[in-house]
Amino acid sequence: VIYDEIQHALFPDVTYGVESGGDPDVIPKLTYENYLDFHRRYYHPSNSYIYLYGDVDVEERLEWMDREYLSAFDVLDIDSHIDVQKPFGTMKEITCPYSIAAGDDPKGKSYFALAEQCGNYLDPEEGMALEILCEVLVDAPGAPVKQALLDAGIGQDISAFYESDIMQPILGIIAKNVNPEDRDRFKSIVIDTLKKQVEEGISEKSLLATINIREFKYREADYGSSPKGLLYLFDMLRSWLYDDKSAFTRMDGNRMFASLKAKLGTGYYENLIKDKILKNDHALLLTLEPDCGLLDRKNEALKKQLAEYKSSLSAEEVEKIVAETKALRDYQSAEPTDEELTCVPVLERSDIARDANPYVYEEIKIGNVPALTHDINTNGISYVRMFFDVKNLPREMLPYLGFLGAVLGKVDTATHTYRDLTDEIRIHTGGIGFGNDTYAKYGVKDEFRPFYQIRFSAIGREVRTAMELVTEIVTTSKLGDSKRLKEILGEYLSDKQMRYQMSGHAVSIARARSYMSKSALYAEELAGISQYETLKAVMADFDGNKDALSAKLSALVSALFRPENLFVDITGDDAGKTAFAEVLPGFLEKIGAVPAADLGPVTPLIPEMKNEGFMMALGVQYLARCGNIFDAGYKYNGAMRVLSNMMNVDYLYANIRIKGGAYGCGSMILGDSGDVGFWSYRDPNLKETLDVYLGAPDFISGIDIDESEVTRSIIGTFSDLDSPLSASQKISRSLNAYMTGKTFADLQKERNEVLNCTAADLRACADAIRAALAQGYTCALGNEQKIRDNKDIFGNLVSLS
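Numbering-wise, this note's numbering puts 363 at position 380 of the sequence shown, and it's gapless, one number per residue.
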């Protein structure tokens, strides 16, 4: 809502002032004729951008594209020019509502945003500099603007963004969970702090640290599961869309980082604040205030509007709509024709390698510490993970263990303030992180190994410095700083709330699995809704709880980091390994010198079927249904991996997204634990979606497809199995196999079963999936009224805010 309102207010006269994806309040006014006219006008090859990436014969591809596609169209003169919004000449101030649940307390739930049209889309270096300033001045721990607002008691979570994907970029500073009467103070504190940075100078160390960490990530080029070529395209479009001569302006990152470093100490960054931010005449101060039940009132108004429209129609007009709707449903349900199925070339099974890529690891010792290493080219970067066994922790300590990762590295130590510590980490490493990892034994339900992990990456020569910083953080962090702990806890809870709204599908399926799985219940206590509720209660009476919080965190540190509990995974060049081996004994000596705290008796984890409907101020739902095939007496087979892919594409997508209107959906069948799960994403429905899940076994048993269609699903499955991996992903793949006990024989067996899969193998999975779904583990996050209307699905209704 904040981002939409910022765009509406900053760009009232141009295309950025409207919602390109469609505003739900306006969509009912859209006519089919308008829809088709818009498509005819803009969705034409003359208005397209064509991009090729990879090891291809470019001339051959262009000739084919011209022959098979472009030559069939006439060139049209399409006016898709984007007008420039003229500045206002002053700062605009507006107040807008957003919806919270009818029973929620609105106090302290407002937001402030100070946003400006800032920067030039054709100057990528300036854009990068403004992104860096957002990080240094607002986002980083201890950043001046963030700290000034927190010290003034304004907001629980302060963040900034720089939106450079549009022709008129936007810089914004947001304060979450504020009181509306503090708006003028918010504005003056932000402006005064920025002026002070201009006058006194920005910390060059913080600027260098932020440039360094961005350069490290750029050189590492680890984009996770996202295709590298696609992300390069997105970078290119940030300028290419607006100037045909500027497609490659963002491709020379090395030169850009060198130039940004050279400008340190020249006043360049201070002048950017002064000229681009403080003197800005195209700015907005937004207050977003909670409105109890706003969404429900909008829904009722829409129902009334549609009812009035229907009553204005004749019987013939109503019949026409019914007939058209039926025709649409028939079209959506129709099986694809042979022509449609064969219009896109596909690989054959014989094109796929029969042998799986082997796991790569070697067990070694570093001193007396057991370790794993991987013979993988890391381009000079060392990746280090230090695992501490945490299997003997009391259940009531798990929420605090999950929170500990947000604290370590974010509080003062004996040597550094937390802001200086952040700078040191960014100057010398690719990042230092703390957190939990759980490894389930492959093929066995409820047998798992929990660890607490310290991880970092660094260029070989910097591994020593990284370990020195790790040692400092683990042994000298000031966990009794209640003021700082309150700031971190506020941000942590804010991030959780955002996750429930933006990634509710992941939250709901994790919660549903916790009803049936000990390892999932362990993860839920660490970082799920249970942990959120525990920490929210701590925050509600922080002054009364602060000493106990500090004591628990300190006790966890002394109990966790024990030399006898350590296992190491290290990959990199010889320089990095040597540096780590030299500094490890000092680390072990220091952590061993601290007496281990007694955390109390261990309480067994016993999953419980709760089947909760979590009610929130949302207009959509996230619905999960889970079960376990092992509990039902079935075994996992590689055909189930193909089945999951087929269900996602041919069954769930067709029924939940296309027909049901949800934004997304999916399924999973996990070979390591036997867990089965179905989920929907931003779903307007509940019962209808659950009916689709429960109909999956009938879909499976009725699969009647030929060899080409089975092969198509197998190819889709291998897009995940054989996707390109970065160095860190290759390490994680082999490490995970080692930790879970999944052997290469297990991997090859699953691959063979996928490659040899037949329609009969897919149909044979129906009973296992039916039995898993019948176990009934269900969880949803969504609209309060929708969940109440479908309360028979759930065992418990819970408000979540």
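For glycine and all other residues, C-beta sits at the position ideal for the given N, C-alpha and C.
message: My output table needs one value for G596: the three-state DSSP class, helix, strand or coil.
response: The residue you call residue 596 lines up with position 613 of the sequence shown. The answer is strand: DSSP assigns G596 an E or B state.
query: Any idea what DSSP makes of Q833, helix, strand or coil?
result: For the chain, the structure presents residues -16 to 784; residue 833 sits outside this window and is missing.
- prompt: If you run the structure through DSSP and keep just helix, strand and coil, what is Q604?
  reply: Locating residue 604 in the sequence shown gives position 621, where the first residue counts as 1. It is a strand residue.
query: Ordered along the chain, which non-local residues of its own chain (more than five positions away) have a Cβ less than 7 angstroms from that of A503?
result: For the purposes of this step, residue 503 is taken as the residue at position 520 of the sequence shown. Closer than 7 angstroms at Cβ, skipping near neighbours: A493, R496 and S497.
- prompt: Do S491 and P607 come within 8 angstroms of each other at the CB atom, strictly closer than that value?
  reply: Here the question's residue 607 lines up with position 624 in the sequence shown. Here the question's residue 491 lines up with position 508 in the sequence shown. Residue 607 is actually Ala in this sequence, not Pro. Result yes, Cβ atoms of A607 and S491 sit closer than 8 angstroms.
- request: Using beta-carbon positions only, say whether L191 and I410 come within less than 8 angstroms of one another.
  value: The sequence position of residue 191 within the sequence shown is 208, counting from 1. The sequence position of residue 410 within the sequence shown is 427, counting from 1. A contact, by the Cβ cut-off of 8 angstroms.
message: Please list the terminal residues of the continuous beta strand (DSSP E) segment that includes F169.
response: Residue 169 sits at position 186 when you count from the first residue of the sequence shown. Here F169 belongs to no beta strand (DSSP E); instead the alpha helix (DSSP H) covers R166 to E183.
task: Would you tell me roughly how many angstroms separate the C-alpha atoms of I83 and Q480, rounded to the nearest one?
output: Numbered from its first residue, the sequence shown carries residue 83 at position 100. Numbered from its first residue, the sequence shown carries residue 480 at position 497. Distance between the alpha carbons of I83 and Q480: 12 angstroms.
message: In whole angstroms, give me the CA-to-CA distance for I185 and D403.
response: To locate residue 185, count along the sequence shown from 1; it is residue 202. To locate residue 403, count along the sequence shown from 1; it is residue 420. One C-alpha to the other measures close to 13 angstroms.
message: Could you pull the DSSP bridge partners for C648 from this structure?
response: By one-based count along the sequence shown, residue 648 stands at place 665. Answer is S663, bridged to C648.
task: Kindly give me the distance between the Cβ atoms of V566 and M450, rounded to whole angstroms, as I take these residues to be in contact under 8 angstroms.
output: Along the sequence shown, read from residue 1 onward, the residue named residue 566 stands at position 583. Along the sequence shown, read from residue 1 onward, the residue named residue 450 stands at position 467. V566 to M450, Cβ: 4 angstroms. Contact.
query: Whole-angstrom Cβ separation of A(-8) and L267, contact assumed at under 8 angstroms?
result: To locate residue -8, count along the sequence shown from 1; it is residue 9. To locate residue 267, count along the sequence shown from 1; it is residue 284. With 8 angstroms as the limit, A(-8) and L267 qualify as a contact, their Cβ atoms being about 5 angstroms apart.
- prompt: Between L601 and Q758, which are expected to be in contact by the criterion C-beta below 8 angstroms, what is the C-beta distance as a whole number of angstroms?
  reply: The residue labelled residue 601 in the question sits at position 618 within the sequence shown. The residue labelled residue 758 in the question sits at position 775 within the sequence shown. Wrong, their Cβ atoms sit about 27 angstroms apart, outside the cutoff.
message: From the DSSP secondary-structure annotation, give me the bridge partner or partners of N195.
response: As a working note, residue 195 is residue 212 in the sequence shown. According to DSSP, which records beta bridges pairwise, N195 is partnered with nothing at all.
query: What runs of the alpha helix (DSSP H), each 4 residues or longer, lie entirely inside the region 60 to 131?
result: 107 to 117
Minimum C-alpha distance to K725 - residue among G426, G678 and A397: In the sequence shown, residue 725 corresponds to position 742, counting from 1. The candidate whose alpha carbon is nearest that of K725 is G426.
- request: Determine which residues share a DSSP beta bridge with R438 and list them.
  value: Within the sequence shown, numbered from 1, the residue matching residue 438 stands at position 455. Paired residues: R368 and G416.
message: Using only CA atoms, which one of M623, S656 and N719 lies nearest to T700?
response: Taking the sequence shown and counting its residues from 1, the one referred to as residue 700 is at position 717. Answer by Cα proximity: M623.
query: Where DSSP assigns a beta bridge to K348, which residues make up the other side?
result: Position 365 of the sequence shown, counted from the start, is the residue given in the question as residue 348. P353, per the DSSP bridge assignment.
field: Among L355, E76, C762 and N263, the one whose alpha carbon lies nearest that of V551
entry: As a first step, residue 551 is located in the sequence shown; it is residue number 568 there, counting from the start. Checked all of L355, E76, C762 and N263; the closest Cα to V551 is L355.
task: Taking Q130 as the reference, give the member of E474, A317 and L213 with the closest Cα.
output: As a working note, residue 130 is residue 147 in the sequence shown. When only C-alpha atoms are compared, the closest one is E474.
message: Buried or exposed, going by whether 16 or more other CB atoms sit within 10 Å of the CB of D288?
response: In the sequence shown, residue 288 corresponds to position 305, counting from 1. The sequence shown places Gln at residue 288, rather than the Asp named in the question. Exposed, because fewer than 16 other Cβ atoms sit within 10 Å of the Cβ of Q288.
- prompt: In chain order, what residues of the same chain have a beta carbon less than 6 angstroms from the beta carbon of T405, not counting five sequence neighbours either side?
  reply: In the sequence shown, residue 405 corresponds to position 422, counting from 1. Excluding sequence neighbours, T405 sits near A123 and P124.
- prompt: Hey, which unbroken runs of the alpha helix (DSSP H) at 4 residues or more fall wholly within the region 227 to 252?
  reply: 236 to 245
query: Between the C-alpha atoms of I553 and Y52, what's the straight-line distance to the nearest angstrom?
result: Within the sequence shown, residue 553 is the residue found at index 570, counting from 1. Within the sequence shown, residue 52 is the residue found at index 69, counting from 1. When rounded, the distance between both Cα atoms is 50 angstroms.
field: Collapsed DSSP secondary structure at G473 in the structure displayed
entry: Against the sequence shown, residue 473 aligns to sequence position 490. In this structure, G473 counts as helix in the three-state DSSP scheme.
Within 8 angstroms, strictly: CB atoms of L472 and L518: As a first step, residue 472 must be located in the sequence shown, where it is residue number 489. As a first step, residue 518 must be located in the sequence shown, where it is residue number 535. For L472 and L518, yes; Cβs fall inside 8 angstroms.
- prompt: Under a Cβ-count criterion, where at least 16 other Cβ atoms within 10 Å of its own Cβ denotes burial, should Y15 be classed as buried or exposed?
  reply: Residue mapping note: residue 15 aligns to position 32 of the sequence shown, counting from 1. So Y15 ends up on the exposed side.
query: How many Å lie between R734 and D338 at the Cα?
result: As a working note, residue 734 is residue 751 in the sequence shown. As a working note, residue 338 is residue 355 in the sequence shown. In a straight line, the C-alpha of R734 is about 8 angstroms away from that of D338.
field: Proximal residues to T270 (C-beta, below 7 angstroms), its chain only, five neighbours per side dropped
entry: Sequence index remark: in the sequence shown, residue 270 carries index 287 (1-based). So the list reads T78, S93, F95, P163 and R166, once near-sequence residues are dropped.
message: Looking at chain D, is there any beta carbon in it that lies within less than 8 angstroms of the beta carbon of I364?
response: The chain inventory of the structure shown lacks chain D, comprising one protein chain alone.
- prompt: Hey, how far is the Cα of E220 from the Cα of D148?
  reply: Stepping through the sequence shown from its first residue, residue 220 is reached at position 237. Stepping through the sequence shown from its first residue, residue 148 is reached at position 165. The sequence shown places Leu at residue 220, not Glu. Rounded to whole angstroms, L220 to D148 spans 8 angstroms at the Cα level.
query: Less than 8 angstroms separating the beta-carbons of L285 and N766?
result: Counting from 1 along the sequence shown, the entry for residue 285 is found at position 302. Counting from 1 along the sequence shown, the entry for residue 766 is found at position 783. It is not a contact, given that the beta carbons lie outside the stated cut-off.
- request: Assign V632 to one of three DSSP states: helix, strand, or coil.
  value: For the purposes of this step, residue 632 is taken as residue 649 along the sequence shown, with counting starting at 1. Of the three classes helix, strand and coil, the one that applies to V632 here is helix, per DSSP.
query: Which partner residues does D552 have in the DSSP bridge list?
result: Looking up residue 552 in the sequence shown gives position 569. Answer by DSSP bridge pairing, in chain order: L355 and R368.
- prompt: When the Cα atoms are used, what is the spatial distance from H357 to D556?
  reply: To locate residue 357, count along the sequence shown from 1; it is residue 374. To locate residue 556, count along the sequence shown from 1; it is residue 573. Going by the C-alpha atoms only, they are around 11 angstroms apart.
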